[in-house]
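First comes the structure, then the notes that go with it.
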């Protein structure tokens with residue numbers, strides 16, 4: 001299983017959708033840490049492999065490492 005972990009924050013929302021589109025066909029799962037978001041953006045609804053998470057604090061770029069390792 002190929003898993004991509006990412007983190008982002010609201011000012012990069014437009015670029016985020018493009019990044020997810022680019023990766024979606026290349027991986028089995030995309031874990032996405034949405035720092036500083038209050039809700040999951042509607043633009044991300046159509047991505048079946050996406051696992052978006054809004055953390056309880058701002059992890060910044062380290063947010064991509066909050067997900068457990070895939071087995």
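Residue numbers (this note's numbering): 1 to 71. We put the beta carbon where it would ideally sit given N, CA and C, even for glycine. Here the structure is a predicted model, which is why all the values come from computation and not from measurement.
**Request:** Could you pull the start and end residues of the beta strand (DSSP E) that residue 3 belongs to?
**Result:** 3-8
**Asked** Grouping DSSP H, G and I as helix and E and B as strand, with all else coil, what is residue 27?
**Response** coil
**Message:** Can you list, in chain order, the residues of its chain with a C-beta nearer than 8 Å to that of residue 49? Leave out the 5 residues immediately preceding and following it.
**Reply:** 24, 27, 28, 29 and 30
**Request:** Taking only the alpha-carbon atoms, compute the straight-line gap between residue 63 and residue 46 and give it to the nearest angstrom.
**Result:** 22 Å
**Prompt:** How is residue 52 classed by DSSP in three states: helix, strand or coil?
**Reply:** strand
**Message:** Quick check: what's the CA-CA separation for residue 17 versus residue 57?
**Reply:** 22 Å
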